[in-house]
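The structure appears right after this line, and notes come after that.
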Amino acid sequence: MKTRLILPVVLFLTIPLQVHADETTHKAAVQELLKVTKAEQLLTQSLSPIEGLQKQLIAQLTEGKDRESARAIADQVLKSSNEVVMAKLSWTAMEAEYTRVYMRFFTEEEVRGMVDFYKSPLGQKVLEKTPALMGEIMQMTSNKIDEVVPEIQSASKKAAEDVLKKKATAPTPATGPGV
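This is the structure we're talking about:
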């Protein structure tokens, strides 16, 4: 009789340990994937447009200032904006978020499969070629959008004109008693 009572209790108590162990190994697998795919380097590269924003901000803030003041402003703006970037967008700040997202979207088994793939010669080639590939795709898409925008504008203008013509030639509803 005691064995029947003890077994469910033991099972109930060990389930949280298994879940924690699964979460720990899942997290470790995701962290390995992030390392293999060089996620930290990609994040750092993705922050480069911030430099352009900093330059624009500095230009606005230093417009009309003497050289010494402009230099002091530029130095202070760079220092304070870099502090914000490091606090909010650096790998140290983002790694836990990356890990959480990957854990939510992929099972541990899927993550391990990705790690195996990215460690392979083909996976390494994919990692090496992806930035250039994505750059070319983005450029191609941008060019296509530039081609399509005038057509969209023309089609939209024609559609609006057609609606107005139909409205202008449509009979007006009769008014008065009995209608």
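Our numbering numbers the first residue of the sequence shown as 1317 and each following residue consecutively.
Just so you know, even glycine gets a beta-carbon here, dropped at the ideal spot from N, CA and C.
Fair warning: this is a prediction, and the values are worked out from it, not measured in the lab.
Item                                                                                                                                                                 : Value
Pop quiz: residue 1419 and residue 1342 are said to be a contact at Cβ under 8 angstroms. What is the actual Cβ separation, rounded to whole angstroms?              : 6 angstroms
In the stretch 1400-1424, which residue ranges form an unbroken alpha helix (DSSP H) of at least 4 residues, counting only runs that do not cross its ends?          : 1407-1421
Keeping to the same chain, check which residues put their C-beta closer than 8 angstroms to that of residue 1481; ignore five residues upstream and five downstream. : none
Taking the straight line between their C-alpha atoms, what separation do you get for residue 1448 and residue 1369?                                                  : 23 angstroms
Nearest to residue 1429 by alpha carbon, out of 1339, 1348, 1340, 1338?                                                                                              : 1348
Using 7 angstroms as the threshold, is the C-beta distance between residue 1360 and residue 1434 below it?                                                           : no
With a Cβ-Cβ cutoff of 7 angstroms, do residue 1366 and residue 1393 count as a contact?                                                                             : no
Exposed or buried, which one is residue 1340 when buried takes at least 16 other CB atoms within 10 Å?                                                               : exposed
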